[in-house]
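So the sequence lines, in the order shown, correspond to chains A and B. Numbering-wise, the first sequence is residues 1 to 548 according to full-length UniProt numbering. Numbering-wise, the second sequence is residues 1 to 548 according to full-length UniProt numbering. Input: a single structure, listed below in structure tokens.
Protein chains: 2
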Amino acid sequence: MVKEQKTADVSFESLLKIFTIPEGPDSTLTKIDVSLSQNLNEFLREHIVAEEKPLHEIEKDFSSAQIPEQPEFVSDHTEHLLDTLVSHSVHTSAPSFIGHMTSALPYFLMPLSKIMIALNQNLVKIETSKAFTPLERQVLGMLHRLIYGQSDDFYTKWMHSAKHSLGAFCSGGTIANITALWVARNRALKANGAFKGVEKEGLFKAMKHYGYDGLAILVSERGHYSLKKAADVLGLGQDGLVAVKTDANNRIIVDDLKAKMAELEAQNIKPIAVVGVAGTTETGTVDPLPQIAEVCATHDCHFHVDAAWGGATLMSNNHRHLLSGAELADSVTIDAHKQLYIPMGAGMVLFKDPDAMKSIEHHAQYILRKGSKDLGSHTLEGSRSGMAMLVYAAMHIISRPGYELLIDQSIAKARYFADLINQQDDFELVSEPELCLLTYRYLPSDIRLALEKAQGSQKEKLNELINQLTQFIQKRQRETGKSFVSRTRLNPAHWQHFNTIVFRVVLANPLTTNEILSSVLEEQREIALQAPSLMAKIQKTVQKIHNS
Amino acid sequence: MVKEQKTADVSFESLLKIFTIPEGPDSTLTKIDVSLSQNLNEFLREHIVAEEKPLHEIEKDFSSAQIPEQPEFVSDHTEHLLDTLVSHSVHTSAPSFIGHMTSALPYFLMPLSKIMIALNQNLVKIETSKAFTPLERQVLGMLHRLIYGQSDDFYTKWMHSAKHSLGAFCSGGTIANITALWVARNRALKANGAFKGVEKEGLFKAMKHYGYDGLAILVSERGHYSLKKAADVLGLGQDGLVAVKTDANNRIIVDDLKAKMAELEAQNIKPIAVVGVAGTTETGTVDPLPQIAEVCATHDCHFHVDAAWGGATLMSNNHRHLLSGAELADSVTIDAHKQLYIPMGAGMVLFKDPDAMKSIEHHAQYILRKGSKDLGSHTLEGSRSGMAMLVYAAMHIISRPGYELLIDQSIAKARYFADLINQQDDFELVSEPELCLLTYRYLPSDIRLALEKAQGSQKEKLNELINQLTQFIQKRQRETGKSFVSRTRLNPAHWQHFNTIVFRVVLANPLTTNEILSSVLEEQREIALQAPSLMAKIQKTVQKIHNS
Chain A
1 MVKEQKTADV SFESLLKIFT IPEGPDSTLT KIDVSLSQNL NEFLREHIVA EEKPLHEIEK
61 DFSSAQIPEQ PEFVSDHTEH LLDTLVSHSV HTSAPSFIGH MTSALPYFLM PLSKIMIALN
121 QNLVKIETSK AFTPLERQVL GMLHRLIYGQ SDDFYTKWMH SAKHSLGAFC SGGTIANITA
181 LWVARNRALK ANGAFKGVEK EGLFKAMKHY GYDGLAILVS ERGHYSLKKA ADVLGLGQDG
241 LVAVKTDANN RIIVDDLKAK MAELEAQNIK PIAVVGVAGT TETGTVDPLP QIAEVCATHD
301 CHFHVDAAWG GATLMSNNHR HLLSGAELAD SVTIDAHKQL YIPMGAGMVL FKDPDAMKSI
361 EHHAQYILRK GSKDLGSHTL EGSRSGMAML VYAAMHIISR PGYELLIDQS IAKARYFADL
421 INQQDDFELV SEPELCLLTY RYLPSDIRLA LEKAQGSQKE KLNELINQLT QFIQKRQRET
481 GKSFVSRTRL NPAHWQHFNT IVFRVVLANP LTTNEILSSV LEEQREIALQ APSLMAKIQK
541 TVQKIHNS
Chain B
1 MVKEQKTADV SFESLLKIFT IPEGPDSTLT KIDVSLSQNL NEFLREHIVA EEKPLHEIEK
61 DFSSAQIPEQ PEFVSDHTEH LLDTLVSHSV HTSAPSFIGH MTSALPYFLM PLSKIMIALN
121 QNLVKIETSK AFTPLERQVL GMLHRLIYGQ SDDFYTKWMH SAKHSLGAFC SGGTIANITA
181 LWVARNRALK ANGAFKGVEK EGLFKAMKHY GYDGLAILVS ERGHYSLKKA ADVLGLGQDG
241 LVAVKTDANN RIIVDDLKAK MAELEAQNIK PIAVVGVAGT TETGTVDPLP QIAEVCATHD
301 CHFHVDAAWG GATLMSNNHR HLLSGAELAD SVTIDAHKQL YIPMGAGMVL FKDPDAMKSI
361 EHHAQYILRK GSKDLGSHTL EGSRSGMAML VYAAMHIISR PGYELLIDQS IAKARYFADL
421 INQQDDFELV SEPELCLLTY RYLPSDIRLA LEKAQGSQKE KLNELINQLT QFIQKRQRET
481 GKSFVSRTRL NPAHWQHFNT IVFRVVLANP LTTNEILSSV LEEQREIALQ APSLMAKIQK
541 TVQKIHNS
């Protein structure tokens, strides 16, 4: 690592220097920049963990709450970051890390992200973002068109309209979902006669005005936990989030949805929104969107689709039919930092109706004046970065057919892995991949047979032991650091809805090969042998069951 | 700009390439990286606007909602971004752009931000962030200590505790404020007897349980517009945000606060929080925090301090007394992307009580399991980037004494500019700088005298014409592109609370010199001459007043 010449001191002169752009390729900071890039590239290329350090050990490096009284050289601090932070970070882009939705990134985004950082625009208003504002509006327009496919005239009319908004760019899917449900709540409890609307008078007066005893948001049992947060923050309470039953394929049961809607209305509880999930976080399932849309239309209820993870599938003409019905939604959430391969912090919510966001519009004197095109008048967040430019750049450099290939190969890879698991004698595919996500567990055939045969408390006991084993394998594999699958708990119909801990994999990294998938299974098999006493307990229980 | 060799096509092979880390300094992408840096540095160094293009012209470059069907070369697209986006962005770091709170950045953050982008960690859980999680907890601990100054033991005990949280890192001050008020609301309406708490049962049942007729948040007339959003989203309604009168110095009048609290309680409306502003966005004023704390203690009401912009003043031992009383607050918002000179997207909220965030805690099965140290169980947002590392790095490289110097010079510069304005015959200082923000307007002495003398509709008319002039000057100056001041509307006591449009400047850029400040005034004087018909109208009215 290059060492800069200037002293690490706190004179005003040295502070002025750090705000000054270095001149030419020979400046010390430019050299640090180049050397840091090489270091990072090496780290990313090798995909290996230098040393697995337990969290409580890592915490020792981050234990002081004292803000340093002594300045450090940039070069020294960079070394320090490489040693203490980078080497103990997670290789989210490693092809064998298939347990999370955090994407590997196209390399060209590294240089391009400099534009975002260096220009440091604030998208809340045009005064601090200029061309970034129309760019972000265009990105929202592109995603809107991808979902709703309106005519060119529609976008010419609304995309840059000061009084309208096709959606909001935000830090992620949670804020996107909250924004959609905020709009839904405010539209359900809008101004009416002497009542000025929930946004003005609040929820208590709104309920009394409309004479409701409660409000509800309906979503499948597999809905994302962010919806619970939304129900809490918006004042419905977590009890206002009503879970609709799912079928053996983890899809919402439309008849149960209808029954729940009827039940709520009988209790004088107003459903303000139904959320259809297009790619659940745990099983990657897509709800039957057209049927949900029908139910919503019947009940005059906002239909929101949470496609935070699955939405990018619309880029593939070969697979967009899997999300058919999304175009019927009043609002749709898509995270670009998931299957659009953009760095963390790029969520979006799109609204079918360009007038929809009026119910949450905000203005102020020094900012977001009425009639301005300031984006901040329609976002839950205030100051925001120019992250939309990375979505814009990726759309142009990769193009839709490029994304189509990425989506297609992910889905094909998940299908391949599902088949591979099915061919194994000692693994069980727990949920089939609809998109590129599947769940499975290590379950040798003799244990499987015993679990099928067992009854009552014996069945519960064996199931519990298998869960412990799954958990052990997942943890040990993560700690070993060569590969990573995540885990979650499902209640599969074919196992009588027992709590079942499973491995969860998301196959979105184009660098993940079939060989890697085989070796992940091989490693899990080997890890199972590292829990001899747990395996002995399992075998003992299995024997008992076979003998009974 | 270097041109990469490979064709822009959509084969899977070329897509794999874009996810592959380039080898060595001679790779095409490395060359593009270097060449882009040079371009950006040149752009940032020159601080000039190539060409002032009106927004509707810029929009033409961002008019298609069609996602491209053809891929582009990285090099070609980079050129395109430089031409259409970079050259029409706002020079937020130019020393003569003194109209906004968006900071100039220390240059070392450009290379270091690569670590954040390249590693693409997701701070929602340890599985996808590892060492970034303790790092973020440490950053929160540092800011907590800066505000509350607890003992080392306190931080050893709580900073890394799985069951506690000293605050939340978020995308910005708006989310930080919403988080604080969400906690305040949930604690005010907590579980009690058979009632399970507002987070579970919702606002309507909570109101009935506690027997309140309404909820309120109190803040000075100068409070940030984000609080209105917070009142809306949290279900209080914007009417629930009660504006407390301010004195001639734009500070909250404590007697009016007391009167409003009494009034609300007489109406059976529960005040869930009082917000003290430590650096208002429009005038940079700090409310009398110790007195507000006293009122809150008397009424058992959450005391929140919005120090999004002003909070960094605590870094200066010479000026931290200006924020005295912040340590009495239950929660404090600070934006690192303002006076801590971090790129956009770094807000924080800190809570005095490590137990405070329990009222908004969330868990899920596959993530944020109970007992885990996952940060996501205490944030409104879900997936989040590793932005905290830039705060961490800047704290170490600049150090507290370095920040002290930056804060001190900003405040001194604002004082210098205020004196300079007072020395001019044709400018009026409208609000004195307390921190580094002040407001003023162009008001030649003859016009000023006439405005003082005028009565009734004549006074209104002249005031309106002066407002038009201020607005004209601000707009023209912005469009000319050499310098930028923002504008807002105040109601100064010494002008009988007339609507008064003013220039607003924030002097946080260390590169802004005294010469630049003089030239900003000079330019405004010259621009005033470019509105001859408006000036003639003003002169005519002035004459009439003098003659009456």
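Don't be surprised by glycine CBs; every beta carbon is placed ideally from N, CA and C.
Between residue i and the rest of its own chain, which residues show a CB-CB distance below 8 angstroms, the 5 nearest in sequence each way excluded?
i                 : result
Phe154 of chain A : none
Glu13 of chain B  : none
His100 of chain B : Thr92, Phe484, Ser486 and Val506
Asn491 of chain A : His497, Phe498, Asn499 and Thr500
Could you spell out the range, first to last residue, of the beta strand (DSSP E) harbouring residue i?
i                 : result
Ile252 of chain A : Run containing Ile252 of chain A: none; DSSP gives neither H nor E here.
Gly347 of chain A : Gly347 to Phe351
Tyr440 of chain B : Leu437 to Tyr442
Leu529 of chain A : Where Leu529 of chain A is concerned, there is no enclosing beta strand (DSSP E), given that its DSSP letter is neither H nor E.
Phe427 of chain B : Phe427 to Ser431
Ser331 of chain B : Ser331 to Asp335
Val305 of chain A : His302 to Asp306
Start and end of the alpha helix (DSSP H) containing residue i?
i                 : result
Ala243 of chain A : It is not in any alpha helix (DSSP H) - Ala243 of chain A instead sits in the beta strand (DSSP E) that spans Leu241 to Val244.
Phe73 of chain B  : That residue, Phe73 of chain B, is in no alpha helix (DSSP H); it is neither H nor E in DSSP.
Ser226 of chain A : Ser226 to Val233
Pro401 of chain B : Ala388 to Gln423
Ser548 of chain B : Ser548 of chain B -> no alpha helix (DSSP H), and no H or E assigned at all.
Phe12 of chain B  : Phe12 to Ile18
Gln468 of chain B : Gly456 to Thr480
Thr156 of chain A : Asp152 to Trp158
Gly92 of chain A  : According to the sequence provided, residue 92 of chain A is Thr. The question's Gly does not apply to it. Counting along the chain, Thr92 of chain A falls outside any alpha helix (DSSP H), and DSSP gives it neither H nor E.
Leu112 of chain A : Leu109 to Leu119
His56 of chain A  : Leu55 to Lys60
Apart from the five residues on each side of it in sequence, which residues of its chain come closer than 6 angstroms, Cβ to Cβ, to residue i?
i                 : result
Glu221 of chain A : Ala243 and Thr246
Leu257 of chain B : Val244 and Val295
Phe169 of chain B : Glu136, Met348 and Ala388
Ala50 of chain A  : Bear in mind that a pLDDT of 48 at Ala50 of chain A, under 50, signals an unreliable position, so the number given afterwards is only what the model happens to contain. Taken in chain order, the residues that qualify are Ser87.
Ala308 of chain B : Gly173, Thr333 and Asp335
Can you list, in chain order, the residues of its chain whose CB lies under 7 angstroms from that of residue i, leaving out five sequence neighbours each side?
i                 : result
Asp61 of chain A  : Thr84
Glu201 of chain A : Phe195
Pro134 of chain A : His160
Lys6 of chain B   : With a pLDDT of 49 at Lys6 of chain B, under the threshold of 50, the modelled position of that residue is not reliable, and no figure is offered here.
Gly105 of chain B : The displayed chain sequence assigns Leu, not Gly, to residue 105 of chain B. Only Ser93, Tyr341 and Pro343 meet the Cβ criterion.
On the DSSP bridge list, what partners appear for residue i?
i                 : result
Phe169 of chain B : B:Met348
Pro271 of chain B : B:Ala216
Thr488 of chain B : B:Val502
Gly276 of chain B : B:Val305
Phe195 of chain B : B:Asn192
Val286 of chain B : B:Ala278
Answer yes or no: does any C-beta atom of chain E fall closer than 9 angstroms to that of residue i?
i                 : result
Cys170 of chain B : The chain labelled as chain E is not found among the protein chains of the depicted structure, namely A and B.
Less than 8 angstroms between the CB of residue i and some heavy atom of the ligand GTP, yes or no?
i                 : result
Leu146 of chain B : No copy of the ligand GTP occurs in the structure displayed, which carries no ligand at all.
*Residues of the segment 183-208 of chain B whose Cβ lies closer than 9 angstroms to any Cβ of chain A, in chain order*: Arg185, Asn186, Lys196, Gly197, Val198, Glu199, Lys200, Glu201, Gly202, Leu203, Phe204, Lys205, Ala206, Met207 and Lys208
_Members of the segment 211-242 of chain B near chain A, C-beta cut-off 9 angstroms_ = Tyr212, Asp213, Gly214, Leu215, His224, Tyr225, Ser226, Lys228, Lys229, Ala231, Asp232, Val233, Leu234, Gly235, Leu236, Gly237, Gln238, Asp239 and Gly240
*Contacting positions in the segment 486-509 of chain B - beta carbon closer than 8 angstroms to chain A*: Ser486, Arg487, Thr488, Arg489, Arg504 and Asn509
*Should the segment 479-489 of chain A be called in touch with the segment 508-528 of chain A, which here means at least 3 C-beta pairs below 8 angstroms?*
yes
*Contact between the segment 70-80 of chain B and the segment 117-129 of chain A (3+ Cβ pairs under 8 angstroms)*: no
*Do the segment 288-302 of chain B and the segment 327-340 of chain B meet, that is, are 3 or more Cβ pairs less than 8 angstroms apart?*
yes
_Proximal residues, the segment 152-165 of chain B versus chain A, C-beta separation under 9 angstroms_ = Asp152, Phe154, Tyr155, Thr156, Met159 and His160
*asked:* So, does the segment 375-385 of chain B touch the segment 173-189 of chain A, judging by three or more C-beta pairs under 8 angstroms?
replied: yes
*asked:* Along the segment 317-339 of chain A, where does the CB come closer than 8 angstroms to a CB of chain B? Name the residues.
replied: Asp335 and His337
*Examine the Cβ distances between the segment 436-448 of chain B and the segment 273-284 of chain B and report whether three or more of them are shorter than 8 angstroms.*
yes
_Under 9 angstroms (Cβ pairs) to chain B, residues found in the segment 440-470 of chain A_ = none
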